[in-house]
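J.: Numbering that gives the first Met the number 0 puts the sequence shown at residues 0 to 121.
Glycine residues also receive a C-beta, built at the ideal position from the N, C-alpha and C atoms.
Owing to the predicted nature of the structure, the values given are computational and were not obtained by experimental measurement.
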Amino acid sequence: METHVKVVAILHLIFSGMMLLAGLIIATLVISGGLISGDKTAIAITSGVAFFFGILFVCLSVPAIVGAIGTLKLKNWGRILLIIVGILNLPGFPVGTALGGYTLWVLFQKETESLFSGKAGD
Numbered sequence: 000m001e002t003h004v005k006v007v008a009i010l011h012l013i014f015s016g017m018m019l020l021a022g023l024i025i026a027t028l029v030i031s032g033g034l035i036s037g038d039k040t041a042i043a044i045t046s047g048v049a050f051f052f053g054i055l056f057v058c059l060s061v062p063a064i065v066g067a068i069g070t071l072k073l074k075n076w077g078r079i080l081l082i083i084v085g086i087l088n089l090p091g092f093p094v095g096t097a098l099g100g101y102t103l104w105v106l107f108q109k110e111t112e113s114l115f116s117g118k119a120g121d
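1) Whether or not the segment 43-62 and the segment 22-33 are in contact is what I'm after, with contact meaning three or more pairs of Cβ atoms, one per stretch, closer than 8 Å; do they touch?
2) If I follow the unbroken alpha helix (DSSP H) through F50, where does it start and stop?
3) K109 lies in the alpha helix (DSSP H); which residues open and close that run?
4) I'd like the span of the alpha helix (DSSP H) that includes F14, first residue to last.
5) Are there 16 or more other CB atoms within 10 angstroms of the CB of V105, so buried, or fewer, so exposed?
6) Run the CB neighbour count on L20, radius 10 Å, all protein chains shown included, and call it buried at 16 or more, exposed below.
7) Using a Cβ-Cβ cutoff of less than 8 Å, which residues in the same chain neighbour L114 once the five nearest sequence positions on both sides are dropped?
8) Comparing C-alpha positions only, which one of P90, N75 and P62 sits nearest to H11?
9) Kindly list the residues whose CB is nearer than 7 Å to the CB of I80, restricted to its own chain and excluding five residues on each side of it in sequence; keep chain order.
What follows is the structure, encoded as structure tokens:
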């Protein structure tokens, strides 16, 4: 089961990294659209929208990255954080649903819980 725990953590690192990259690309494209227009109102609106999406993607990605790092180090708080992230991923069909389901299946196994039991106070 230790291999599954590592796979889950690495998948969350990859998925979250891709989400951060996608957020950066979306924010850049939205701001560029406003800048290309040259209209001050359009620039203000697109900058606000890009800022919103940038913050949204960071808020969705950073907890998964932190939880994945903690899980790789077999810290119980990392496991708990990835369980929460896994639940939040479930509505994101199809990739989020698959990742969330796999995360929950792996992290709720008795064998997995015993891996983290010695690290509960960390």
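T.: Judging by the given coordinates:
1) yes
2) K39 to L71
3) K109 to S116
4) E1 to S36
5) buried
6) exposed
7) M0, E1, V4 and L73
8) P62
9) It is worth fixing the name first, because residue 80 is Leu in this sequence and not Ile. So the qualifying residues of the chain are P62, V65, G66 and G69.
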